Amino acid sequence: MSGNRGNLPPNQSGLRMEMHLGSMKWNTPIKINPLPDLINHRDQLLSIGSCFAEQMSLFFQKRKIRVLSNPSGIVYNPLSIAHLLENLLEERTVSREDLFFRDGLYHHYQFHGSYSGTDADTIVKKMNTSLESAFTQLRSSRFLILTLGTSWVYREKKKEEVVANCHKVPNKQFDKEWVSPAVLYKSLLKAFKALQQLKPDIKIIITVSPVRHLRDGAVENSRSKAALLLTAAYLQDSLPDIVFYFPSYELMMDELRDYRFYGQDLVHPSVVATDYIMRRFAEAAFDSETRNLLNRTEDLVRAVEHRPFNPDTEEHQRFRKKQLVLVEELMREYPALDFGEELEYFGGKY
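Residues in the sequence shown are numbered from 492 upward in steps of one, following the numbering used here.
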């Protein structure tokens, strides 16, 4: 013991560990098979799910991939996702009678708090405008991306209805339930089959959010994610021609198994981790033309995110002109894509 103090311990073969450092693996690489039907930048995408779905969509939108995200706001649990899909398929809208009033605001249990407001008619119009955009997007999309966040749900006691958002209503008005993979599977399978009838060419990409729901408890979070993983597997086995799985959760848990890849809350993936997961998605899901678009727009994305200390300097003016040249090149190369925001950003003053 004392003779080995301060050094790496010998392994079972008697060789010191430092002799193998050059060939050691520092993570567990995950092999991801490409989708059989790859996404092109001309395709329309619909993305529904947890806050990680929002991050995915933002990554796509910045790189000119046409995606509509969460028409009712963030949705964490698969039962609410299935309910939303059925509403979109049947083109159901909302009315004042669907709202409730609390703390000076009107809310809807199936919509995120960002839709809440002081005037009922205004928020009903806002909700229905968003839904109507999703009706159109769903019918024109070849790909649906679902991000499952948790298998814990809150059921409102009075109506016995699973809600997508509690809107800070007291806990006593809800029953908190863990939903089994069998129930989650049945709910989503029904929605998927209805969608397949409407759009036989639809492809559904399921992923499990890498965000940890530790407010439920560490063990409860693990059970929750396990239920989501099993649900995805059951759906893929039942509908292998239209359902595909992308391992966001596994990438975070294995390839990025380190707290430096989390944000300050130690729950959400960091910007670096999210970017890495999205690039792995692009490798597996996008065709070569679209991957080239991502590469071409990357410098532009970083340039837009750059905030100069002194925007009036000659150096920054040269930087702006350089970006304008890039924007104009991309506009010529991809005439169907909208670069108006970038053109205005670099063409005008801050």
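For glycine and all other residues, C-beta sits at the position ideal for the given N, C-alpha and C. None of these values were measured; they are calculated from a predicted model.
So, using beta-carbon positions, are residue i and residue j closer together than 9 Å?
{"i": "L784", "j": "K555", "result": "yes"}
{"i": "T765", "j": "F543", "result": "yes"}
{"i": "W643", "j": "V670", "result": "yes"}
{"i": "L730", "j": "Q688", "result": "no"}
{"i": "M618", "j": "F592", "result": "no"}
{"i": "I521", "j": "E741", "result": "yes"}
{"i": "P569", "j": "L705", "result": "no"}
{"i": "F634", "j": "I693", "result": "yes"}
{"i": "V653", "j": "S563", "result": "no"}
What does a CB cutoff of less than 6 Å around residue i pick up in its chain, not counting 5 residues either side in sequence?
{"i": "A794", "result": "Q814"}
{"i": "I696", "result": "I636, F735 and F737"}
{"i": "L828", "result": "K555"}
{"i": "A776", "result": "L526 and I530"}
Could you check where the alpha helix (DSSP H) with residue i kicks off and where it finishes?
{"i": "I521", "result": "Looking at the DSSP string, I521 is not in any alpha helix (DSSP H), and its letter there is neither H nor E."}
{"i": "G831", "result": "G831 to G838"}
{"i": "V818", "result": "E805 to E824"}
Quick one: what does DSSP say residue i is sitting in, helix, strand or coil?
{"i": "E545", "result": "helix"}
{"i": "G494", "result": "Bear in mind that the predicted position of G494 carries a pLDDT of just 43, short of 50, making it unreliable; the figure below should be weighed with that in mind. Three-state DSSP puts G494 in a helix."}
{"i": "L635", "result": "strand"}
{"i": "I733", "result": "coil"}
{"i": "F777", "result": "strand"}
{"i": "F591", "result": "strand"}
{"i": "H598", "result": "strand"}
{"i": "E647", "result": "strand"}
{"i": "V795", "result": "helix"}
{"i": "T698", "result": "strand"}
Whose C-beta lies closer than 7 Å to the C-beta of residue i among residues of the same chain, with five residues either side of it excluded?
{"i": "G838", "result": "L815"}
Taking residue i as part of the beta strand (DSSP E), name the residues at either end of that continuous run.
{"i": "E668", "result": "F665 to W669"}
{"i": "S538", "result": "L536 to G540"}
For residue i, I'd like the list of residues in its chain whose CB is within less than 8 Å of its CB, leaving aside the five on either flank, ordered along the chain.
{"i": "F825", "result": "Phe is not the amino acid found at residue 825; the sequence shown has Tyr there. H532, K555 and L784, listed in sequence order."}
{"i": "D561", "result": "One detail in the question is off: residue 561 reads as Asn in this sequence, not Asp. For N561, where only same-chain residues beyond five positions count, the Cβ hits under 8 Å are S538, I539, G540, A544, E545, S548 and H603."}
Say the cut is 8 Å; is the CB of residue i nearer than that to a heavy atom of the ligand ATP?
{"i": "F830", "result": "By its list of ligands, the structure shown contains no ligand whatsoever, and the ligand ATP lies outside what it can speak to."}
| message | Does the contact criterion of 3 or more C-beta pairs under 8 Å hold for the segment 560-580 versus the segment 624-631? | response | yes
| request: Decide if the segment 758-776 is in contact with the segment 707-720; the criterion is three or more beta carbon pairs, one per stretch, under 8 Å apart. | output: no
| request: Give a yes or no on contact between the segment 530-545 and the segment 636-651, applying the rule of three or more CB pairs nearer than 8 Å. | output: yes
| query | Can at least three beta-carbon pairs, one atom from the segment 657-666 and one from the segment 585-602, be found at a separation below 8 Å? | reply | yes
| message | Quick test of the definition: if touching needs 3 or more C-beta pairs under 8 Å, does the segment 661-670 touch the segment 553-567? | response | no
| Touch check for the segment 606-616 and the segment 679-686: three-plus C-beta pairs under 8 Å? | no
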